[in-house]
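Numbering (our numbering), first residue to last: 353 to 601. Where a beta carbon is used, it is the ideal one built from N, C-alpha and C, also for glycine.
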């Protein structure tokens with residue numbers, strides 16, 4: 353279907369509905385299987401990173417994964433280990449998320465759902481849906497995106513697990529959309545700012561129900577529980593595989 357009425361290929365519908373234990377965090381209380389638009393989907397807690405989701409100030413928008421980003425995945429990506437020039441032990445390639453529940457809904461401005469959020473925040477209004485340029489049309493900067501996200505409490509539209517557009521978090525392990533299987537490092541672990549959906553992409557960070565932080569996977573296969581106290585610049589640098597930073601987790 354179109355972006356607002358996604359559904360599985362009938363030939364694979366039974367696979368979409370099949371839970372995979374290794375993709376589910378035992379600490380997450382959300383339903384393992386969700387019915388959305390009449391179809392059953394088995395959830396996912398572990399997301400692959402598209403990169404830092406920052407802007408380089410020269411037109412590079414690393415949240416737009418229809419183009420090459422500074423992460424390991426984007427449309428038609430073929431990243432090899434040799435291209436992880438920041439070092440495999442210093443390049444985050446995935447992290448956990450809190451799965452969404454319910455349907456699309458609204459909460460009053462300034463009164464978000466309980467933390468940790470089981471909805472994603474719909475921040476699409478004002479953004480160009482084809483180029484993902486923020487309001488104003490100027491060359492995006494990371495600071496400008498920070499300023500937009502700082503106003504998140506004024507927004508009232510939230511996406512649930514049963515969103516027809518599949519823009520809740522972790523609805524289906526078998527779906528390759530941003531909400532279901534992708535993440536980035538724009539926000540720190542367990543950020544007060546919710547995962548912020550912008551059309552088919554967004555701004556997110558590691559999120560969990562664990563005390564003290566959220567688990568992050570690095571390119572050398574080691575996992576670190578990163579805390580929310582991590583320096584934001586360092587956190588974003590860790591989610592870049594080729595930015596030339598010397599950041600350590």
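Query raised in the report: Which whole-angstrom value describes the C-beta separation of residue 505 and residue 452, a residue pair presumed to lie in contact below a C-beta threshold of 8 Å?
Result: Walking along the chain shown from the start, residue 505 turns up at place 153. Walking along the chain shown from the start, residue 452 turns up at place 100. Not confirmed; about 19 Å, so no contact.
Requested in this report: Excluding the 5 residues preceding and the 5 following residue 575 in the sequence, name in chain order all residues of the same chain whose CB lies nearer than 6 Å to its CB.
Outcome: Looking up residue 575 in the chain shown gives position 223. Take residue 575, set aside five residues on each side of it, and the residues of its chain with a beta-carbon closer than 6 Å to its own are 567, 569, in chain order.
Requested in this report: Find the nearest neighbour of residue 468 within the set 546, 537, 431, 518, judged by alpha-carbon distance.
Outcome: Along the chain shown, read from residue 1 onward, the residue named residue 468 stands at position 116. It is 546.
Query raised in the report: Looking only at its own chain, which residues have a Cβ that is under 7 Å from the Cβ of residue 481, when we skip the five neighbours before and after it?
Result: Translated into the one-based positions of the chain shown, residue 481 becomes position 129. Once the five neighbours on either side are set aside, the close Cβ partners of residue 481 are 551.
Report task. Return helix, strand or coil for residue 587, following the three-state DSSP convention. Result -> Residue 587 sits at position 235 when you count from the first residue of the chain shown. The answer is helix: DSSP assigns residue 587 an H, G or I state.
Query raised in the report: How would you write the range of the beta strand (DSSP E) that residue 600 sits in, first residue to last?
Result: To locate residue 600, count along the chain shown from 1; it is residue 248. No beta strand (DSSP E) contains residue 600, which DSSP labels as neither H nor E.
Query raised in the report: By DSSP, does residue 386 sit in helix, in strand, or in coil?
Result: Translated into positions along the chain shown, residue 386 becomes position 34. In the structure shown, residue 386 falls within a strand segment according to DSSP collapsed to helix, strand and coil.
Query raised in the report: According to the neighbour-count rule (16 or more other Cβ atoms, all chains shown, within 10 Å of its Cβ), is residue 430 buried or exposed?
Result: Locating residue 430 in the chain shown gives position 78, where the first residue counts as 1. Only exposed fits residue 430, as fewer than 16 other CB atoms lie within 10 angstroms of its CB.
Report task. Give the range of the beta strand (DSSP E) segment to which residue 507 is assigned. Result -> As a working note, residue 507 is residue 155 in the chain shown. Boundaries for residue 507: no beta strand (DSSP E) harbours it, and the DSSP string shows neither H nor E there.
**Report entry** Classification of residue 559 by the beta-carbon crowding that lies within 10 angstroms, buried from 16 upward
**Finding:** What you label residue 559 is simply residue 207 of the chain shown in a count that begins at 1. Buried.
Query raised in the report: DSSP state of residue 305, grouped into three classes?
Result: An answer regarding residue 305 cannot be provided, because it is not within the stretch 353 to 601 covered by the chain.
Requested in this report: State the DSSP-derived secondary structure class of residue 364, mapped to helix, strand or coil.
Outcome: By 1-based counting over the chain shown, the position of residue 364 is 12. Secondary structure of residue 364 (DSSP, three-state): helix.
Report task. State the DSSP-derived secondary structure class of residue 545, mapped to helix, strand or coil. Result -> As a position in the chain shown, residue 545 is number 193, starting the count at 1. Here residue 545 sits in coil by DSSP.
Query raised in the report: Between the stretch 388–398 and the stretch 420–428, are three or more C-beta pairs nearer than 8 Å?
Result: A contact is defined here as three or more CB-CB pairs under 8 Å, and the stretch 388–398 fails this definition with respect to the stretch 420–428.
Query raised in the report: What is the DSSP secondary structure of residue 424, reduced to helix, strand or coil?
Result: Taking the chain shown and counting its residues from 1, the one referred to as residue 424 is at position 72. Secondary structure of residue 424 (DSSP, three-state): coil.
**Report entry** Length of the line joining the Cα atoms of residue 599 and residue 577
**Finding:** Counted from its first residue, the chain shown places residue 599 at position 247. Counted from its first residue, the chain shown places residue 577 at position 225. Their backbone Cα atoms lie some 16 Å apart in a straight line.
Query raised in the report: Is it right to say residue 530 is buried, meaning 16 or more other beta carbons lie within 10 angstroms of its own, or is it exposed?
Result: Indexing the chain shown from 1 puts residue 530 at position 178. Classification of residue 530: buried, given that the 10 Å Cβ count is 16 or more.
Report task. Have a look at the DSSP bridge pairing and note the partners of residue 604. Result -> With the chain running from 353 to 601 in the structure shown, residue 604 is simply not present.
Requested in this report: Classify residue 447 as helix, strand or coil using the three-state DSSP reduction.
Outcome: Position 95 of the chain shown, counted from the first residue, corresponds to residue 447. Collapsing the DSSP output to three states places residue 447 in a strand.
Report task. Starting from residue 494, follow the beta strand (DSSP E) in both directions and report where the run begins and ends. Result -> Reading the chain shown from its first residue, position 142 is the one you call residue 494. Counting along the chain, residue 494 falls outside any beta strand (DSSP E), though it belongs to the alpha helix (DSSP H) covering 494–502.
Query raised in the report: Are residue 554 and residue 475 closer than 9 Å when you measure CB to CB?
Result: Position 202 of the chain shown, counted from the first residue, corresponds to residue 554. Position 123 of the chain shown, counted from the first residue, corresponds to residue 475. A contact, by the Cβ cut-off of 9 Å.
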